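Contents: one structure, followed by commentary.
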Amino acid sequence: MTRMFVPGPVDVEPQVLAAQTRPMLPHRSQEFETLYREVSQKARQLFFTSQRVYLTASSGSGWQEAAVRNLANRSVLACVNGAFARRWYEVALANGKQAEALETEWHRPIEPGQVAEALRMRHYEILTVVHNETSTGLENPVREIAEAARSASPDTLICVDAVSSLGGVKIEMDAWGLDLVLTSSQKCLALPPGLALAAVSERALERAAAVENRGWYFDLLLLEKHRLKDSTPATPALSLIYALQVQLERILTEGLEARFARHQAMAERVQAWALAHGLELFAPEGYRSRTVTTIANTRGLEVAALNAYLLRQGMRIANGYGPLKGKTFRIAHMGDTQMTHIEDLLAAMSAFLG
């Protein structure tokens with residue numbers, strides 16, 4: 001077995017994998033409705049919300065598209081400081097929206113003041129921001145961004161990609177005034193890929209009713225109609241929902257605050273190791289991800305050789321993403337990874353460095 005320190009898919013515990021082998025159910029049955037109701041209600045705790053949570057058979061990128069198709073007739077302001085933030089901007093353009101990119105350099109966070117200024121200069125129907133940019137290991141200050149956005153443009157809906165943070169970092173949807181928060185199964189939730197979750201506010205649902213050409217698969221009004229019956233419009237990923245049921249119980253048994261503290265401790269350990277070994281961190285202090293660390297390759301290491309060595313030890317890390325490939329490498333510390341696993345990895349990496 002190779003232990004995964006890549007930012008998704010991550011390792012999945014045996015009992016969670018085993019849950020997928022349960023017998024199938026008709027998704028138009030009382031048994032499925034009971035399952036869906038239990039899982040979606042428990043999932044609200046991960047989002048710190050009393051709002052509705054949808055489960056869909058898709059990646060998180062599907063909900064990036066859902067957000068722009070359902071919540072904006074025309075105008076989108078996309079915060080861009082990494083590869084997945086840029087993807088959301090490109091998704092908006094591909095769906096015919098008049099999207100503008102509010103860009104910063106990839107090693108810098110989106111500043112709340114930038115957002116407020118942009119929203120005062122022009123009205124946008126939605127704002128998109130990636131909470132935890134997997135490509136750069138940078139965490140944007142979403143709470144402060146949302147506060148600035150609400151002050152500058154109260155009716156702009158705030159949409160957040162929390163694919164690589166929700167379940168590992170505290171994100172308070174209701175307290176922060178967020179309208180749509182999306183995530184997927186294969187990162188901090190430590191599930192197999194293929195399932196996406198999104199929490200959606202009441203005012204976002206009201207907005208969707210006034211938007212044309214919402215599509216069908218991710219039509220919020222259709223999803224809501226079926227959610228009220230504890231169901232889905234199309235065939236659900238039943239085996240993954242079984243796995244989510246088991247994993248939610250495991251997560252809540254660990255305790256959310258304990259889980260968040262574990263992620264924080266692993267991040268601090270990895271980042272301290274990097275600095276102690278003459279490497280630099282790509283993200284600035286105060287904005288470093290608590291789920292994936294992006295290390296600047298300041299020692300000119302051959303990342304492929306490092307990973308080949310680690311694979312022989314039964315471990316795997318990730319190269320840099322997109323334009324950062326070779327210039328950085330990434331160590332994920334998310335999901336059900338424990339500090340003992342991190343210590344094993346760092347010992348192996350120290351041995352490689354000599």
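With my numbering, the residue at position 256 of the sequence shown is 256, and numbering never jumps.
A virtual CB, placed ideally from N, CA and C, is assigned to each residue, including glycine.
No experiment lies behind these values; they were computed from the predicted model shown.
For this session: Would you mind reading off the limits of the alpha helix (DSSP H) that contains Gly-61?
Result: By one-based count along the sequence shown, residue 61 stands at place 61. The residue you asked about is not Gly; residue 61 is Ser in the sequence shown. Looking at the DSSP string, the run of the alpha helix (DSSP H) that includes Ser-61 is 60 to 71.
Problem set entry | Contact set for Ser-239: own chain, Cβ-Cβ below 6 Å, skip 5 residues either direction | For the purposes of this step, residue 239 is taken as residue 239 along the sequence shown, with counting starting at 1. Answer for Ser-239: Gln-20, listed in chain order.
Exercise. Curious, which full-length beta strand (DSSP E) runs of at least 3 residues does the segment 144 to 199 contain?
Worked result: 157 to 161, 180 to 184
Exercise. According to the Cβ coordinates, are Leu-182 and Ile-158 closer than 7 Å?
Worked result: Indexing the sequence shown from 1 puts residue 182 at position 182. Indexing the sequence shown from 1 puts residue 158 at position 158. Contact flag unset, no.
For this session: Please classify Met-315: does DSSP put it in a helix, a strand, or coil?
Result: Against the sequence shown, residue 315 aligns to sequence position 315. Here Met-315 sits in strand by DSSP.
Exercise. Along the chain, where does the beta strand (DSSP E) that runs through Arg-330 open and close?
Worked result: Stepping through the sequence shown from its first residue, residue 330 is reached at position 330. Element bounds for Arg-330: 328 to 332.
Exercise. Candidates Thr-34, Gly-8, Lys-42: which alpha carbon is nearest Thr-253's?
Worked result: As a working note, residue 253 is residue 253 in the sequence shown. Closest by alpha carbon: Lys-42.
Exercise. What did DSSP end up calling Leu-301 once you bin it into helix, strand or coil?
Worked result: By 1-based counting over the sequence shown, the position of residue 301 is 301. Residue state, collapsed to three classes: coil.
Exercise. Helix, strand or coil for Val-16 per DSSP?
Worked result: Your numbering for residue 16 matches position 16 in the sequence shown. Here Val-16 sits in helix by DSSP.
Problem set entry | DSSP state of Arg-108 mapped onto helix, strand, coil | Start at 1 with the first residue of the sequence shown, and residue 108 comes out as number 108. DSSP places Arg-108 in coil when its eight states are reduced to three.
Exercise. DSSP state of Gln-98, grouped into three classes?
Worked result: For the purposes of this step, residue 98 is taken as the residue at position 98 of the sequence shown. Strand, per DSSP.
Exercise. Which class does Asn-132 belong to by DSSP, given the choice of helix, strand or coil?
Worked result: For the purposes of this step, residue 132 is taken as residue 132 along the sequence shown, with counting starting at 1. Strand at Asn-132.
For this session: Compare the C-alpha of Asn-307 against each of Leu-195, Gly-300, Ala-209, Ile-317 and name the closest.
Result: Translated into the one-based positions of the sequence shown, residue 307 becomes position 307. Ranking the options by Cα distance to Asn-307, first place goes to Ile-317.
For this session: Decide if Gly-8 is buried, meaning its Cβ has at least 16 other Cβ atoms within 10 Å, or exposed.
Result: Position 8 of the sequence shown holds residue 8. It counts as buried.
Problem set entry | Bridge-paired residues (DSSP) for Leu-55 | Taking the sequence shown and counting its residues from 1, one reaches residue 55 at position 55. Bridge partners of Leu-55: Leu-197.
Exercise. On the three-state DSSP scale, how would you describe Thr-293?
Worked result: By 1-based counting over the sequence shown, the position of residue 293 is 293. Three-state DSSP puts Thr-293 in a strand.
Exercise. Excluding the five sequence neighbours on either side, which residues of its own chain have a C-beta within less than 7 Å of the C-beta of Arg-299, listed in chain order?
Worked result: The count along the sequence shown starts at 1 and reaches residue 299 at position 299. Cβ within range, chain order: Gly-278, Leu-279.
For this session: Provide the residue(s) that pair with Met-4 in DSSP beta bridges, ordered along the chain.
Result: For this step, residue 4 is matched to residue 4 along the sequence shown. Answer by DSSP bridge pairing, in chain order: Arg-316.
Exercise. Under a three-way DSSP split, which group does Val-10 fall into?
Worked result: What you label residue 10 is simply residue 10 of the sequence shown in a count that begins at 1. It is coil, neither helix nor strand.
For this session: Look up Val-270 in the DSSP assignment and give the residues it is bridged to.
Result: Position 270 of the sequence shown, counted from the start, is the residue given in the question as residue 270. Its beta-bridge partners do not exist; DSSP assigns none.
Exercise. Among the residues of its own chain, which have a CB less than 8 Å from the CB of Leu-221, if the five just before and after it don't count?
Worked result: Here residue 221 refers to the residue found at position 221 when the sequence shown is read from its first residue. Answer for Leu-221: Leu-205, Ala-208, Ala-209, Arg-214, listed in chain order.
For this session: Would you kindly check if the distance between the Cβ of Trp-176 and the Cβ of Ala-198 is under 7 Å?
Result: Translated into positions along the sequence shown, residue 198 becomes position 198. Translated into positions along the sequence shown, residue 176 becomes position 176. Not in contact: Ala-198 and Trp-176 (Cβ atoms no closer than 7 Å).
Problem set entry | Test item: CB-CB of Leu-345 and Phe-5 under 7 Å | Stepping through the sequence shown from its first residue, residue 345 is reached at position 345. Stepping through the sequence shown from its first residue, residue 5 is reached at position 5. Their beta carbons are under 7 Å apart, which means Leu-345 touches Phe-5 by this criterion.
For this session: Return yes when the Cβ of Thr-56 is within less than 7 Å of the Cβ of Ala-196, no when it is not.
Result: On the sequence shown, residue 196 is found 196 positions in, with the first residue counted as 1. On the sequence shown, residue 56 is found 56 positions in, with the first residue counted as 1. Yes; because the gap between Cβ atoms is below 7 Å, this pair is in contact.
Exercise. Of the residues Tyr-309, Tyr-287, Ala-162, which one's Cα is nearest the Cα of Phe-84?
Worked result: The count along the sequence shown starts at 1 and reaches residue 84 at position 84. Nearest C-alpha to Phe-84: Ala-162.
Problem set entry | Span separating the alpha-carbon of Ser-350 from that of Gln-186 | Residue numbering aside, residue 350 sits at position 350 when the sequence shown is read from its first letter. Residue numbering aside, residue 186 sits at position 186 when the sequence shown is read from its first letter. Approximately 28 Å, taken between the alpha carbons.
Exercise. With DSSP run on the structure shown, which of helix, strand or coil describes Leu-223?
Worked result: Translated into positions along the sequence shown, residue 223 becomes position 223. Reduced to three states, the DSSP call for Leu-223 is helix.
For this session: Thinking Val-292 and Thr-134 are a contact (beta carbons under 8 Å), I'd like their distance in whole angstroms, please.
Result: As a first step, residue 292 is located in the sequence shown; it is residue number 292 there, counting from the start. As a first step, residue 134 is located in the sequence shown; it is residue number 134 there, counting from the start. The Cβ separation is near 6 Å, so the contact holds.
Problem set entry | Beta carbon of Ser-75 nearer than 7 Å to that of Ser-184 | Here the question's residue 75 lines up with position 75 in the sequence shown. Here the question's residue 184 lines up with position 184 in the sequence shown. No, they are not a contact pair.
Exercise. Near Pro-193, what residues of its chain come up, given a Cβ to Cβ distance below 8 Å and the 5 sequence neighbours on each side ignored?
Worked result: Taking the sequence shown and counting its residues from 1, one reaches residue 193 at position 193. Contacts found: Gly-8, Pro-9, Ser-59, Ser-184, Ser-185, Gln-186.
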